[in-house]
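A.B. asks:
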Amino acid sequence: MSKKVAIVTGSSSGIGAATAKLFARNGYNVVINFSRNPEPAQVVADECIALGAEVLLQQANVAVDDDCRALAQAVEAKWGRCDALVNNAGTTKFVAANNLEGLDAQDFHDIYSVNVIGAYQMIRALAPLMKRNPGAGIVNVSSTAAVSGIGSSVAYMASKGALNSMTFGLARALAPEIRINAVGPGMVETPWLQNGLGAERYEATRQLYMKSAPLHATIQPEDVADICFWLCDGARKTTGEFILIDSGRVKFPLL
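Residue numbering for the sequence shown follows this note's numbering, beginning at 37 and increasing consecutively.
#1: Starting from Asn217, trace the beta strand (DSSP E) in both directions and tell me its first and last residue.
#2: Taking its Cβ as the centre, do 16 or more other Cβ atoms sit within 10 Å of Leu107, making it buried, or is it exposed?
#3: With distances taken from CA atoms, which of Pro257, Gly173, Gly185, Asn151 is nearest Ala271?
#4: Decide if the region 142-152 is in contact with the region 83-95; the criterion is three or more beta carbon pairs, one per stretch, under 8 angstroms apart.
#5: On a Cα-Cα basis, can you pick out the residue from Thr241, Tyr245, Ser178, Glu258 that is closest to Gly276?
#6: If you draw a straight line from the C-alpha of Gly50 to the C-alpha of Ile216, how long is it?
#7: Run the CB neighbour count on Ala235, radius 10 Å, all protein chains shown included, and call it buried at 16 or more, exposed below.
#8: Let's see if you can read the secondary structure: which residues bound the alpha helix (DSSP H) around Gly52?
#9: In the region 93-136, which residue ranges form an unbroken beta strand (DSSP E) of at least 3 residues, counting only runs that do not cross its ends?
#10: Using a 10 Å radius around the Cβ and a threshold of 16 neighbouring Cβ atoms, would you call Lys196 buried or exposed?
#11: Use the C-beta contact count for Lys273: other C-beta atoms within 10 angstroms, 16 or more gives buried, fewer gives exposed.
#12: First and last residue of the beta strand (DSSP E) that includes Val286?
#13: Taking the alpha-carbon positions, what's the Leu244 to Phe265 distance?
#14: Give me the residue from Leu136, Gln78, Asn231, Pro227 with the minimum Cα distance to Gln256.
#15: With H, G and I counted as helix, E and B as strand and the rest as coil, what does DSSP make of Asn69?
#16: Tell me whether the beta-carbon of Ser189 lies closer than 8 angstroms to the beta-carbon of Val131.
#17: Just list the residues that DSSP pairs Asn176 with in beta bridges.
#18: Would you check if the region 281-288 and the region 74-83 touch, i.e. whether three or more CB-CB distances between them fall below 8 angstroms?
#19: Report back the beta-carbon spacing between Cys104 and Gln142 to the nearest angstrom; my notes put them in contact at under 8 angstroms.
#20: Gln109 and Asn69: beta carbons closer than 8 angstroms?
#21: With a threshold of 16 other CB atoms inside 10 Å of the CB of Pro250, please say whether the residue is buried or exposed.
#22: Going straight from the alpha carbon of Leu206 to that of Asn123, what length do you get?
#23: Kindly indicate which residue of Lys57, Trp115, Cys84, Gly46 has the alpha-carbon position closest to the one of Asn73.
#24: So is Ser71 buried or exposed if we call it buried at 16+ other beta carbons inside 10 Å?
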């Protein structure tokens, strides 16, 4: 029997890289996806190979439907199966929520094209292949921004809320062959977030997060990877769920 196959979009760094490596460590062959720069993706691919996985390194901008379909075709040609899809690729624009002039229609289009439409196009492209392996799992990487009203921008918050709604609808539509769930990380410590906020604001935000979360901790990429893996490889009776990974900050804030 051939090894299981996992696809992780946006897997050059951060949550995506941690998730791809966890699948590789647990006996999966993996697809490492990048949209522009292949160099960090190659580093992750080499790490997965060292963990015993066969790897397909695939450029694809998930906002482009042809790229999504080409990725699905490449996976089918190489392995003939797909057991797990983690829609991790995402984008944002850092704009304070009260700065209404800081966002325009194009910003919403750009963010939705990756965070919502991209996830949909990946699911659509891979559903026929995944249905061959009943019990296959999809995880959409959402955010606490979808339910907290706190995030990098209003457009980002809205996109993650839309992603959650899409998750619920497709979980019903694609059952029983495919399970679809979403995860909502809180503040994840990644260079991407530090670059977006700037070093001083990032550190202030990190300290406030740790102070206000009941578990007094921010989130690491590996924390999110653990839940993504469980939802794909286990959790056989779980679909249509949105699971928070935030040290309890949204439901039980101390401030």
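Heads up, the beta-carbon is just placed ideally off N, CA and C, and yes, glycines get one too.
C.D. replies: Here's the rundown:
#1: 214-221
#2: buried
#3: Gly173
#4: no
#5: Ser178
#6: 22 angstroms
#7: exposed
#8: 50-61
#9: 120-123
#10: buried
#11: exposed
#12: That residue, Val286, is in no beta strand (DSSP E); it is neither H nor E in DSSP.
#13: 29 angstroms
#14: Pro227
#15: strand
#16: yes
#17: Asn123, Ala218
#18: no
#19: Actually they do not touch by this definition, with Cβ atoms about 22 angstroms apart.
#20: no
#21: exposed
#22: 14 angstroms
#23: Gly46
#24: buried
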